[in-house]
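Just so we're aligned, residue 1348 is where the sequence shown starts under my numbering, counting upward by one.
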Amino acid sequence: MQLLLLESISRILRKADFDFVMLTETKSRCFDLVARKKDELYLIKVLYNVDSLKPDVADELKKLANLLKAVPLVVGEKFKTDFLERGVVYTRYGVPVVSVATFYDYVVEKIPIFIYSAPGGYYVKLDGEKIREARERLGMSIGEVSKCLGVSRRTIKKYEEGIDTNLETAVKMEELFGIEVIKSLDFKSFVNYEFKAAEEEEIKDRTLVKLKEIGLDVYPVKQAPFDAISDAAGNTIITGVREVRELRRRVILIGEISRVTEKIAAYITEKQPKLDIKSVVFILKDELDCVNSAKDFVYLIEEKSKGSLC
1348 MQLLLLESIS
1358 RILRKADFDF
1368 VMLTETKSRC
1378 FDLVARKKDE
1388 LYLIKVLYNV
1398 DSLKPDVADE
1408 LKKLANLLKA
1418 VPLVVGEKFK
1428 TDFLERGVVY
1438 TRYGVPVVSV
1448 ATFYDYVVEK
1458 IPIFIYSAPG
1468 GYYVKLDGEK
1478 IREARERLGM
1488 SIGEVSKCLG
1498 VSRRTIKKYE
1508 EGIDTNLETA
1518 VKMEELFGIE
1528 VIKSLDFKSF
1538 VNYEFKAAEE
1548 EEIKDRTLVK
1558 LKEIGLDVYP
1568 VKQAPFDAIS
1578 DAAGNTIITG
1588 VREVRELRRR
1598 VILIGEISRV
1608 TEKIAAYITE
1618 KQPKLDIKSV
1628 VFILKDELDC
1638 VNSAKDFVYL
1648 IEEKSKGSLC
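This is the structure:
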């Protein structure tokens, strides 16, 4: 079922002209696809039942999305025993969740989403300024509107300030004013991007410790095909350091992620591997001994990417 969903979402992304890479061959990953179209960049986790999303996976997905300036998104079909409703945004551990059908409508058909699910039912975001203008145009007082809607005057004032409301009240409001007052939703507004600052991260790998010592902000990751996201003088670097048996396959995948996210990719190794993958810069651990600052590290990457250093 997981593979079928991944294939469905891949077809949707192709139909919507997204550039993307799929991580089907890696294990223990907090995202399954990276997709970009112009300024839209998504890290997508695919789960048939989104109830299986764990807090640590959600946290790492949000952290990576923040560092890569992407939107984290979970696409699935069910939550526990219920199917996800079409045209509704759900959330789990601070990550927006939608059904495959909703995802198709949003990226292919360009159908905006207006409804989100929260404890107590379905809710919408209101355009407070339009509500106030419509009330004044009709010559209605706040008290009159409150009686028509069956809510307090204070609540009407809150609506005009843009507070959210349930779907039933919003429909009544649109019928009363004769205009649309519901705002479309942005996935980003549902994400809580909070995570530990770089200095609070527990870094055990010696190479990553070295990068931190020369002035990089280093954010280690556990559930991705790379080992860290590093920031060197404002440059975001997708960083690999682990010596693995399937190095070629791992480096190719990192290179593809680098291409789609439009970020630098660097892999730090003991010896120069016999790989010709231009999207990833290989740096020898011995070369780090000559690097004294984050700017020097960026310069080293730039020079090696030009092929001027061996």
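Beta carbons: idealized from backbone N, C-alpha and C, even for Gly.
The structure displayed is predicted, hence computed values, not measured ones.
- Query: Measuring CB to CB, does G1509 end up less than 8 angstroms from G1475?
  - Reply: Yes.
- On a CA-only basis, which of M1520, N1539, K1374 and F1644 is nearest P1402? Give me that one, please. In terms of CA proximity to P1402, N1539 leads the group M1520, N1539, K1374 and F1644.
- Query: So what does DSSP say about R1361, is it helix, strand or coil?
  - Reply: Judged by DSSP in its simplified three-state form, R1361 adopts helix.
- Does DSSP put C1657 in a helix, in a strand, or in coil? Summary for C1657: the model assigns pLDDT 39, below 50, so the residue's position carries little reliability, and this model does not support an answer.
- Does DSSP classify S1640 as helix, strand or coil? Residue state, collapsed to three classes: coil.
- Task: Count the other C-beta atoms from every protein chain shown that fall within 10 angstroms of the C-beta of C1657, then say buried if there are 16 or more, exposed otherwise.
- Result: Low per-residue confidence applies at C1657: pLDDT is 39, beneath 50, and the placement is therefore not dependable, though the value from the model is reported in the following sentence. Taking every protein chain shown into account, the CB of C1657 has fewer than 16 other CB atoms within 10 angstroms, so this residue is exposed.
- Message: Helix, strand or coil, according to DSSP, for G1467 in the structure here?
- Response: In the three-state DSSP reduction, G1467 falls in the coil class, being neither helix nor strand.
- Message: Please list the terminal residues of the continuous alpha helix (DSSP H) segment that includes A1448.
- Response: Run containing A1448: V1447 to V1454, per the alpha helix (DSSP H) assignment.
- Task: Determine the closest residue to V1528 out of L1360, F1537, T1512 and F1534, with distance taken between C-alpha atoms.
- Result: With distances taken between CA atoms, V1528 lies nearest to T1512 out of L1360, F1537, T1512 and F1534.
- Message: Suppose contacts are defined by Cβ-Cβ distances below 8 angstroms. Is R1597 in contact with V1588 by that definition?
- Response: Result no, Cβ atoms of R1597 and V1588 do not sit closer than 8 angstroms.
- Task: Could you check if F1644 is buried or exposed, using at least 16 other CB atoms within 10 Å of its CB as the buried criterion?
- Result: In this structure F1644 is buried. Its beta-carbon is surrounded by 16 or more other beta-carbon atoms within 10 angstroms.
- Contiguous beta strand (DSSP E) assignments of at least 3 residues, all confined to the region 1366 to 1441: Counting only unbroken stretches of 3 or more residues, the beta strand (DSSP E) elements lying wholly within the region 1366 to 1441 are 1366 to 1369, 1380 to 1384, 1387 to 1396, 1418 to 1426 and 1435 to 1439, in sequence order.
- Query: Excluding five sequence neighbours on each side, which residues of the same chain lie with their C-beta closer than 7 angstroms to the C-beta of G1602?
  - Reply: So the qualifying residues of the chain are A1612, I1624, S1626 and V1627.
- Beta-carbon gap between L1360 and V1393 smaller than 8 angstroms: No, the pair does not count as a contact, with Cβ atoms beyond the cut-off.
- C-alpha gap between K1472 and V1638, whole angstroms: Taking the straight line from one Cα to the other gives about 51 angstroms.
- Please go through the region 1535 to 1620 and give each complete alpha helix (DSSP H) segment of 4 or more residues, from N-terminal end onward. For the region 1535 to 1620, the continuous alpha helix (DSSP H) assignments of 4+ residues that do not extend past its boundaries occur at 1553 to 1560 and 1594 to 1608, in sequence order.
- Item | Classification of K1409 by the beta-carbon crowding that lies within 10 angstroms, buried from 16 upward | Buried, by the Cβ-count rule.
- Query: Exposed or buried, R1482, counting other C-beta atoms within 10 Å across all chains shown (16 or more means buried)?
  - Reply: So R1482 counts as buried.
- Cut-off 6 angstroms between Cβ atoms - residues of its own chain near L1355, not counting five sequence neighbours on either side: A quick correction: the sequence has Ser, not Leu, at residue 1355. Hits under 6 angstroms: V1447.
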